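Everything below concerns the one structure shown next.
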Amino acid sequence: MKITRHKSKEIKIGKVKIGVHNPIAIQSMAKAPTKDYRRVIGQIKRLERIGCDIVRVAVRDEEDAHAISQIK
Numbered sequence: 091m092k093i094t095r096h097k098s099k100e101i102k103i104g105k106v107k108i109g110v111h112n113p114i115a116i117q118s119m120a121k122a123p124t125k126d127y128r129r130v131i132g133q134i135k136r137l138e139r140i141g142c143d144i145v146r147v148a149v150r151d152e153e154d155a156h157a158i159s160q161i162k
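Have a look at this one:
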């Protein structure tokens, strides 16, 4: 079976480049509520150790939005 690769644009998410001929980036999502930023940071560190390139977090309310500055 022959797989045809579609043309794509290269974009950067932080330091990670995706698209074109870059390797596939492994991504996941934090499960803890973002406002509980200490737990989220712990989850991000664990995911990074096992090879995750991109970690997404949900921002559901203003408290979550304020917690983002603690995570960066």
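The number in our numbering is simply the position in the sequence shown, starting from 1, with 90 added. Every residue, glycine too, gets a C-beta built ideally from N, C-alpha and C. No experiment lies behind these values; they were computed from the predicted model shown.
- Inter-residue distance for glutamate 138 and lysine 92 is about 33 angstroms (C-alpha atoms, whole angstroms).
- The closest CA to that of isoleucine 158, considering only Lys125, Arg95, Gln133, Gly141, is found on Lys125.
- Your pair isoleucine 161 and isoleucine 131 checks out as a contact, with CB atoms roughly 6 angstroms apart and the cut at 8 angstroms.
- Assignment of valine 130 by DSSP, reduced to helix, strand and coil, places it in the helix class.
- Contact between isoleucine 108 and isoleucine 101 holds, with the beta-carbon distance rounding to 6 angstroms and staying under 8 angstroms.
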